[in-house]
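In terms of my numbering, the sequence shown is residues 2 to 256. Just so you know, even glycine gets a beta-carbon here, dropped at the ideal spot from N, CA and C. Here is the structure we will look at.
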Amino acid sequence: MIDVHCHLLPGIDDGSENLDISLQMARDAVTDGITHALMTPHHMNGHYINHANDVIDLTNWFQSELNKNNIPLTIFPSQEVRINGDLLTLLDNHDILTADEQGQYVLIELPSNDVPLFTKEILFKLEERGITPVIVHPERNTKLMAHPELLYDMINNGAYSQVTASSYVGTFGKAVQRFSEDILDNGLAQIIASDAHHLPDRTYEMSDAFAKLKKEYGQRRSHQFDENAKALINGDSLTRFYETPIKKKRFFSAY
């Protein structure tokens, strides 16, 4: 499996405090079946700034440490970029890493409780530049939970989204799990990733998520998600699914 969103790099965000922890997380990833992974430290989220060149250098160093420790994980540099008004300027200044070397995809994080008013404009301007935004963990955004039509609009206008494996299998609670299932049921996510951190309930559950995906939707859909992760890091086209608006539950607030 390919993991396109995780926080393994040591000492630069809330993912891992040090090299020993990062190496153990990498071993856990391999045990869960992961062979390749994007390193996606937070960038411009109000707490962490991880410049592109720093991420590239640290990723190269960490790969050498993985090799020294005989951990069969191949890693690539990227970022989880918080949407903000300076994003396009950062892009022009070569401080935004895309998920692929061709510059086709960028991982975009929304605030946990909001969808800023400028979101639609920023996403549109990214797509004008030939860069497709990938909205990470939309299932954990309380504004989207209350207004799922906002996610539908983003995906319908050309963005992709990535659901977190732990969300889908219920680690973050029933509300997040149900919204994850709604997102997948309505074709509004094309990728599953770990978003692994060295935090409680932030471990690798990719194999469990793919087992559930296969059970719910069949082998073909599970394979398409696997192929989409590969396409993302290679800069190829992702498979989309039939996209429909999520019908807001009458008692949605009870989530």
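Under the three-state DSSP convention, the category residue i falls into
i, result
"Arg241", "coil"
"Met113", "First, the residue type needs correcting, since residue 113 is Ser and not Met in the sequence shown. Three-state result, Ser113: coil."
"Ala230", "helix"
"Phe119", "coil"
"Ala190", "coil"
"Asp196", "coil"
"Ile76", "strand"
"His8", "coil"
"Ile97", "coil"
"Ile3", "strand"
"Glu81", "strand"
"Tyr205", "coil"
Own chain, CB closer than 6 Å to residue i, minus 5 neighbours either side, in chain order
i, result
"Tyr205", "Asp29, Ala30, Asp33, Ser195 and Ala197"
"Glu128", "Gly159"
"Thr75", "His37"
"Val116", "Lys144 and Leu151"
"Pro139", "Leu145, Leu152 and Ser162"
"Ser181", "Glu140, Val164, Ser168 and Tyr169"
"Asp1", "As shown, the chain starts at 2 and ends at 256. That puts residue 1 outside it, with no answer to give."
Own chain residues within Cβ distance below 8 Å of residue i, not counting five before or after
i, result
"Ile22", "Pro11 and His199"
"His48", "Asp14 and Asp15"
"Glu228", "Thr240"
"Phe226", "Gln191, Ile192, Ile193, Phe211 and Leu214"
"Thr60", "Leu10, Met40, Ile76, Phe77 and Pro78"
Per-residue burial, residue i [other beta carbons within 10 Å of its own, 16 or more giving buried]
i, result
"Gly16", "buried"
"Glu122", "exposed"
"Glu18", "exposed"
"Asp14", "buried"
"Thr90", "exposed"
"Asp93", "exposed"
"Gln80", "buried"
"Glu246", "Residue 246 is actually Pro in this sequence, not Glu. The residue is exposed, with fewer than 16 neighbouring Cβ atoms inside 10 Å."
"Lys249", "exposed"
"Pro134", "buried"
Neighbourhood of residue i by C-beta, 7 Å cutoff - its chain only, sequence neighbours within 5 removed
i, result
"Ile57", "Pro78"
"Gly104", "Ile132"
"Phe119", "Gly86"
"Ala27", "Leu9, Leu67, Ile72 and Leu74"
"Ile156", "Ser162, Leu189 and Glu244"
"Lys126", "Leu89"
"Arg222", "Leu214"
Subject >> the region 144-153 / the region 225-235 touching (three or more Cβ pairs under 8 Å) >> reply: no
Original post:
Pairing CB atoms from the region 40-48 with CB atoms from the region 3-23, are three or more of them under 8 Å?
Top reply: yes
Original post:
Taking one C-beta from the region 203-217 and one from the region 160-168 each time, how about it: are there three or more such pairs within less than 8 Å?
Top reply: yes
**OP:** Scan the region 16-50 and note each continuous beta strand (DSSP E) run of 3 residues or more that stays entirely inside, going in chain order.
**Re:** 37-40
Subject >> alpha helix (DSSP H) runs contained entirely in the region 123-177, provided each spans 4 or more residues >> reply: 143-147, 150-157 and 166-170
Original post:
With contact counted as at least three CB pairs below 8 Å, one residue from each stretch, are the region 184-192 and the region 238-247 in contact?
Top reply: yes
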